[in-house]
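Below you'll find the structure, written out as structure tokens, and then a few comments.
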Amino acid sequence: MKVLLVTGRLASEQVRRSACGADVLVLDVDVAAFITPEMLCRAGPQGYDLILIPGAITADFRGAEMALGTSIRLGPKHAVDLISLLPRLDEVELSTTVPACVLLEAKRRQEAIIQLERQEAQARGQLTIKGVKIGGSSRMKVLAEVVDATRLRDEDLVERIRYFEEQGADLIDLGASLDATSASVKRALKKAREVTALPISIDAVRPELICAGIEAGADMILSLNGENLPLVGSRVAEAGIPAVVIPGPGSVTLEENLNKAKDYAIQIIADPVLDPPLMGLARSMIRYISLREADPDIPLFFGVGNVTELLDGDSQGANLLLSVLAMEVGASLLFTP
Numbered sequence: 019m020k021v022l023l024v025t026g027r028l029a030s031e032q033v034r035r036s037a038c039g040a041d042v043l044v045l046d047v048d049v050a051a052f053i054t055p056e057m058l059c060r061a062g063p064q065g066y067d068l069i070l071i072p073g074a075i076t077a078d079f080r081g082a083e084m085a086l087g088t089s090i091r092l093g094p095k096h097a098v099d100l101i102s103l104l105p106r107l108d109e110v111e112l113s114t115t116v117p118a119c120v121l122l123e124a125k126r127r128q129e130a131i132i133q134l135e136r137q138e139a140q141a142r143g144q145l146t147i148k149g150v151k152i153g154g155s156s157r158m159k160v161l162a163e164v165v166d167a168t169r170l171r172d173e174d175l176v177e178r179i180r181y182f183e184e185q186g187a188d189l190i191d192l193g194a195s196l197d198a199t200s201a202s203v204k205r206a207l208k209k210a211r212e213v214t215a216l217p218i219s220i221d222a223v224r225p226e227l228i229c230a231g232i233e234a235g236a237d238m239i240l241s242l243n244g245e246n247l248p249l250v251g252s253r254v255a256e257a258g259i260p261a262v263v264i265p266g267p268g269s270v271t272l273e274e275n276l277n278k279a280k281d282y283a284i285q286i287i288a289d290p291v292l293d294p295p296l297m298g299l300a301r302s303m304i305r306y307i308s309l310r311e312a313d314p315d316i317p318l319f320f321g322v323g324n325v326t327e328l329l330d331g332d333s334q335g336a337n338l339l340l341s342v343l344a345m346e347v348g349a350s351l352l353f354t355p
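Going from the sequence shown to my numbering is simple: count from 1 and add 18.
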């Protein structure tokens with residue numbers, strides 16, 4: 019198939035770089051979206067099976083198509099996307115009204131997912147939780163929190179877990195409420211096990227609740243600190259499950275608690291703690307960067323809920339921005355309610 023790519027002066031170099039062997043016609047206009055049917059007819063290109071015009075054009079080119087005797091279809095909105103489109107011309111039916119990039123969107127999304135899955139399969143994890151790689155060269159994972167899971171009715175707990183799984187969560191966290199008991203922790207874990215094969219963590223700091231979680235088969239513990247480590251450190255290590263280590267209580271530093279956890283040979287995920295907005299958020303990012311530079315291998319825990327729960331604004335935008343920041347500091351687990 020002989021293809022002609024039509025563009026304006028400003029995008030001409032990018033179009034040529036992305037042409038994949040197709041001919042390029044640069045018309046007498048700077049912005050490609052301002053190309054008109056009259057301009058194309060005056061240029062009078064001949065001998066082509068297909069003429070691709072910029073996807074941002076809204077003018078009707080049916081008259082030009084008849085005058086030139088060649089099919090005229092919308093290409094992508096951005097010239098760089100020609101690289102993806104041109105090798106697939108036989109796979110997609112192009113449109114006179116819908117840009118090619120929109121038509122290819124679903125296919126490109128699926129290809130991206132396949133590529134990510136391939137990369138993840140080849141990646142090395144610093145540790146593994148029920149087959150889910152954490153840290154190392156693997157992608158950042160999403161740990162979805164079921165808030166106050168120990169208080170929820172079974173049907174509500176099931177609904178939340180299924181929702182998170184459908185939305186793509188990699189792991190499920192069961193939050194223990196302030197009035198949680200060992201029995202309620204075990205009940206929540208038992209019900210969660212019935213509805214998902216994803217790794218499940220228990221979110222508690224009280225030693226008896228952590229032990230209940232271990233007995234019920236939790237795959238990870240949130241969280242260990244200087245107070246509960248001496249009481250449950252050996253149990254966590256014997257269970258062979260990872261634990262998130264946080265600073266505190268009081269002035270006890272994260273480094274001190276990490277060293278204690280290492281003494282127990284616990285599989286560690288470090289949480290420098292993301293502070294709420296206007297209460298040290300920016301400075302807490304420095305803690306993440308400093309820890310990552312000091313220890314490039316330790317998996318990092320990034321709790322975005324500390325920020326999003328205190329923002330009365332665009333939750334999706336805030337989560338997107340925080341996710342990008344988490345990736346920049348090398349976070350391994352993105353924790354979100």
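Note that beta-carbon positions come from the ideal geometry of N, C-alpha and C, so glycine has one too. Computed from a predicted structure; not experimentally measured.
May I have the straight-line CA-CA distance separating residue i from residue j, to the nearest angstrom?
i      : j      : result
Asp293 : Thr214 : 31 angstroms
Ile69  : Ala40  : 10 angstroms
Lys20  : Pro314 : 52 angstroms
Ser308 : Ile287 : 15 angstroms
Gln64  : Gly26  : 19 angstroms
Gly143 : Thr354 : 21 angstroms
Val291 : Glu245 : 17 angstroms
Ala74  : Ala51  : 5 angstroms
Leu192 : Ile264 : 18 angstroms
Pro317 : Leu22  : 51 angstroms
Arg91  : Ala222 : 59 angstroms
Ser270 : Ile147 : The amino acid at residue 270 is misidentified as Ser; the sequence shows Val. Their Cα atoms are separated by approximately 28 angstroms.
Val342 : Leu100 : 27 angstroms
Lys95  : Ala118 : 8 angstroms
Leu189 : Ala236 : 11 angstroms
Ala29  : Ala97  : 7 angstroms
Taking C-alpha atoms, which residue in the options lies nearest to residue i?
i      : options                        : result
Gln140 : Leu28, Gly348, Lys151          : Lys151
Met345 : Pro72, Met238, Gly321, Arg91   : Gly321
Asn275 : Cys38, Leu296, Ser241          : Ser241
Gly268 : Asn243, Ile179, Pro260, Pro248 : Asn243
Pro295 : Leu340, Ile190, Gly87, Ala118  : Leu340
Phe357 : Ser200, Ala198, Glu163, Ser195 : The shown model of the chain, from 19 to 355, leaves out residue 357, and the question about it has no answer.
Arg310 : Val347, Leu343, Val342, Gln334 : Val347
Ala206 : Ser36, Leu28, Ile179, Lys125   : Ile179
Val42  : Ile71, Asp48, Cys59, Arg60     : Ile71
Thr76  : Asn277, Gly93, Glu226, Ser89   : Gly93
Gly149 : Ile259, Gly266, Glu31, Val254  : Ile259
Let me check one thing: in DSSP terms, what residues is residue i bridge-paired to?
i      : result
Thr146 : Lys151
Gly321 : Phe353
Thr25  : Val44
Glu163 : Asp191
Ala141 : Partner(s): none; Ala141 has no beta bridge.
Ile286 : Ala261
Whole alpha helix (DSSP H) elements within the segment 187-258, 4-residue minimum: 200-213, 225-233, 247-257
Start-end ranges of the beta strand (DSSP E) lying completely within the segment 47-119, minimum 3 residues: 68-71, 89-92
Segment contact, 8 angstroms Cβ cut-off, at least three pairs: the segment 158-173 with the segment 278-292: no
The segment 150-165 contacting the segment 109-122, beta-carbon criterion three pairs below 8 angstroms: no
Stretch pair the segment 170-188 + the segment 322-330: three plus CB contacts closer than 8 angstroms: no
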